[in-house]
Structure formats: structure tokens, C-alpha cells
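Asks: Let me begin by handing over the structure; questions about it come next.
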Amino acid sequence: MANPVIIAQINPAFEPVAASATALVAASVIVTAILVPIITALYAKRFGNLPEPDTEPKAVELHH
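Under numbering that gives the first Met the number 0, the first residue of the sequence shown is numbered 0, with each subsequent residue one higher.
Following this line, the structure appears as C-alpha cells:
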């Protein structure tokens, strides 16, 4: 999560926002790593496994 700090060291124009950008990256990591799997599990539990549509092509009979 040190990417904003490293970028600020490379380009000093980003130094004023490096601390808040680090907090934003940390929050994004927490949401992605912890909350998304929980929300996905709740969604799957509620809606279950929907049957997949039949994607096999139907046999075509040709009559002469």
C-alpha cells in the first residue's frame, strides 16, 4: 500500500495527496478482500444456482 508514497517520491507534485491516497488504497483493499466475498456468498445463498440455459445446438433433420 506504499504505491502512493512511492509515486509522490518520484513526482513531488503528488506529495500533498499521498497520505489520503494511501488511505483510499487501503480502504479499497479491505473492501475487495473482505467485503466482496461476503457479499458474493450472501448473493449466492439468496438466489442459489440458476440452471444454465441449454446451449447445445438442436439436431436438424433434412427431408428430401
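Virtual Cβ for every residue (Gly too), placed ideally from N, Cα, C. None of these values were measured; they are calculated from a predicted model.
1. Could you tell me whether the Cβ atoms of P36 and A20 are closer together than 8 Å?
2. Might you give, ordered along the chain, the residues of its own chain that have their beta carbon closer than 6 Å to the beta carbon of Y42, omitting 5 neighbours on each side?
3. Can you tell me the Cα-Cα spacing of Q8 and A32, whole angstroms?
4. Would you tell me roughly how many angstroms separate the C-alpha atoms of P75 and T39, rounded to the nearest one?
5. Look at the alpha carbon of A25 and the alpha carbon of I5, and state the distance between them as a whole number of angstroms.
Replies: Quick answer:
1. Within the sequence shown, the letter at position 37 stands for residue 36. Within the sequence shown, the letter at position 21 stands for residue 20. No, the Cβ-Cβ distance between P36 and A20 is not below 8 Å.
2. To locate residue 42, count along the sequence shown from 1; it is residue 43. The beta carbon of Y42 lies closer than 6 Å to none in the same chain, with the five residues before and after it left out.
3. Taking the sequence shown and counting its residues from 1, the one referred to as residue 8 is at position 9. Taking the sequence shown and counting its residues from 1, the one referred to as residue 32 is at position 33. Taking the straight line from one Cα to the other gives about 27 Å.
4. The chain is shown from 0 up to 63; residue 75 falls before or after that span and cannot be answered.
5. Stepping through the sequence shown from its first residue, residue 25 is reached at position 26. Stepping through the sequence shown from its first residue, residue 5 is reached at position 6. Going from the Cα of A25 to the Cα of I5 covers about 15 Å.
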